[in-house]
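Engineer: Dropping a structure here in structure tokens format, bear with me for questions.
In the working numbering, the protein residues as written are 586 to 743.
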């Protein structure tokens, strides 16, 4: 049975990482954008990470420019923006596509496991997925959903 541990992605620093490195940990996987109306969600994602990282939580941010080109082209600009404005310390990855034929395989898997309200595809920046410690996608949250809404569901896996 396929799960998120079967995928790898490239961190912002260029290091390829297998998601199996996070085996046994609950994850919040989110497609991000630095110039979006939902960008302030970085603060709540960071707060969630700070609150529960010692209990195993990992937040994984995947910058994407597919929605109105709201992400910097240079990953270093993205990282600088996230760290300076929101203190982001959770793992951030290279800019990827999250929908369509060019979508990263991880996001193809995520959307196949948890469909959106009107479409299977990612509709906008800051679509969030909760993954249990066994690597199974357990819930999908809409872009406008506050990361704080994830907390009650997350507590089941900590």
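C-beta: ideal position from N, C-alpha, C; glycine also. Note that this is a predicted model, so its numbers are computed, not measured.
Is residue 695 buried or exposed, if buried means 16 or more other CB atoms sit within 10 Å of its CB?
Structural biologist: Within the chain shown, residue 695 is the residue found at index 110, counting from 1. Buried.
Engineer: Assuming residue 666 and residue 657 make a contact with CB atoms under 8 angstroms, what is their CB distance in whole Å?
Structural biologist: Start at 1 with the first residue of the chain shown, and residue 666 comes out as number 81. Start at 1 with the first residue of the chain shown, and residue 657 comes out as number 72. With a Cβ gap of about 7 angstroms, residue 666 and residue 657 count as contacting.
Engineer: What's the C-alpha gap between residue 571 and residue 628?
Structural biologist: As displayed, the chain neither begins before 586 nor continues past 743, which places residue 571 out of reach and without an answer.
Engineer: Tell me which residues share the same chain as residue 712 and place their Cβ nearer than 8 angstroms to its Cβ, disregarding the 5 neighbours each side in the sequence.
Structural biologist: Here residue 712 corresponds to residue number 127 of the chain shown, with the count starting at 1. Excluding residues up to 5 positions away in sequence, 615, 616, 683, 701, 725, 726, 727 and 728 lie with their Cβ nearer than 8 angstroms to the Cβ of residue 712 in the same chain.
Engineer: Comparing C-alpha positions only, which one of 635, 598 and 604 sits nearest to residue 671?
Structural biologist: The count along the chain shown starts at 1 and reaches residue 671 at position 86. Cα-wise, what sits closest to residue 671 is 635.
Engineer: In the segment 651 to 699, which residue ranges form an unbroken alpha helix (DSSP H) of at least 4 residues, counting only runs that do not cross its ends?
Structural biologist: As far as the segment 651 to 699 is concerned, its whole alpha helix (DSSP H) runs of at least 4 residues are 660 to 671 and 690 to 698.
Engineer: Can you list, in chain order, the residues of its chain whose CB lies under 7 angstroms from that of residue 529, leaving out five sequence neighbours each side?
Structural biologist: Nothing about residue 529 can be reported from this structure: the residues present for the chain run from 586 to 743 only.
Engineer: Cutting at 6 angstroms between CB atoms, please list the residues of its own chain near residue 633, excluding the five before and the five after it.
Structural biologist: The sequence position of residue 633 within the chain shown is 48, counting from 1. Hits under 6 angstroms: 732.
Engineer: Between which two residues does the alpha helix (DSSP H) holding residue 614 run?
Structural biologist: Taking the first residue of the chain shown as position 1, residue 614 is located at position 29. No alpha helix (DSSP H) contains residue 614, which is instead part of the beta strand (DSSP E) from 612 to 617.
Engineer: If you measure between the beta carbons of residue 743 and residue 637, is that distance less than 9 angstroms?
Structural biologist: The residue you call residue 743 lines up with position 158 of the chain shown. The residue you call residue 637 lines up with position 52 of the chain shown. Going by C-beta atoms, residue 743 is nearer than 9 angstroms to residue 637.
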